[in-house]
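Okay, so here's the structure we're looking at.
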Amino acid sequence: MKLLVINGPNLNMLGIREPEIYGAETYDHLCDMVAKHAVNLGVDVECYQSNYEGDLVTKIQDAYFEKIDGIVLNPAAYTHTSVALLDALKAVQIPTVEVHISQVDKREDFRQISYVRQACVTAIWGHGFPGYLEAMDILVNLARTGQRTCAAADSADDAPKEGEA
Ligand code: DQA
Numbered sequence: 276m277k278l279l280v281i282n283g284p285n286l287n288m289l290g291i292r293e294p295e296i297y298g299a300e301t302y303d304h305l306c307d308m309v310a311k312h313a314v315n316l317g318v319d320v321e322c323y324q325s326n327y328e329g330d331l332v333t334k335i336q337d338a339y340f341e342k343i344d345g346i347v348l349n350p351a352a353y354t355h356t357s358v359a360l361l362d363a364l365k366a367v368q369i370p371t372v373e374v375h376i377s378q379v380d381k382r383e384d385f386r387q388i389s390y391v392r393q394a395c396v397t398a399i400w401g402h403g404f405p406g407y408l409e410a411m412d413i414l415v416n417l418a419r420t421g422q423r424t425c426a427a428a429d430s431a432d433d434a435p436k437e438g439e440a
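Just so you know, we're using our numbering here: the sequence shown kicks off at 276 and counts up by one.
Structure representation (C-alpha cells):
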C-alpha cells in the first residue's frame, strides 16, 4: 500500500513561521514522524511539499498513474482558494484526508472555507502534527476494509495536541 502526503505553501517554513500557531517543530520533523508511522503501519509513503498550486495539481494527477492508495493533503492557504485542487482530487478519485495543523475553525473567516473538503473522505484540524498520523490510520483502515468513504468530517476537540502551540 502506498500513501502520499502533500503539503502546500509555506509548510516548508514550519518551525520558523508563526510558532505560536504551528508549533516549534520543523517540516523535516513532520516528514520524519510520517516516515516512522508508515513503517509501523507497514505501508510506503512519500512526503511532498510545494509552494506552487500547479505543482500540487500535477502531484495529485501523478498519484493516479502511480496507483497511490491514499492521500493526506494539507493544501495550506490553497485550501481556501483552489478550485484546481478540488478538480484534481475529483479527477483521480483517490481517498484523501484533508489535514490542518491549526484550529482553522477558530481562526479568520476566510479560513472557514475549504474548496477541497467536498472531495475528501474526512477532515482533521487542530491536532498538530499528529493529525497527519491520524489521517494515515484512516486511509489504511479504509483500504483494508475496502471502503472509499468514512463518516462526516471530523471536528477537532479543543485540547491542543503535540506539535501544536
Ligand atoms: C493550515 C491552515 C491554513 O489556513 C494556512 O493557510 C496554512 C496552514 C494549517 O495546517 O493549519 O498555511 O493549512
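Glycine included, each C-beta is placed from N, C-alpha and C at the ideal position. What you are looking at is a predicted structure, and each value in this text was computed from that prediction instead of being measured.
| Same chain, Cβ closer than 8 angstroms to ILE343, five either side skipped, listed in chain order | LYS277, LEU278, LEU279, ILE369
| Any heavy atom of the ligand DQA within a distance shorter than 7 angstroms of the CB on THR356? | no
| Contact set, the ligand DQA heavy atom to C-beta under 6 angstroms | ASN285, ASN349, ALA351, ALA352, THR354, HIS375, ILE376, SER377, VAL379, ARG386
| task | Taking 8 angstroms as the threshold, find out whether the segment 281 to 295 comes into contact with the segment 387 to 400 through three or more Cβ pairs. | result | no
| What's the C-alpha gap between LEU364 and THR371? | 8 angstroms
| said: Do ILE388 and HIS355 have their beta-carbon atoms positioned less than 8 angstroms apart in this structure? | reply: yes
| said: Which residues does DSSP list as the beta-bridge partners of ILE281? | reply: TYR323, LEU348
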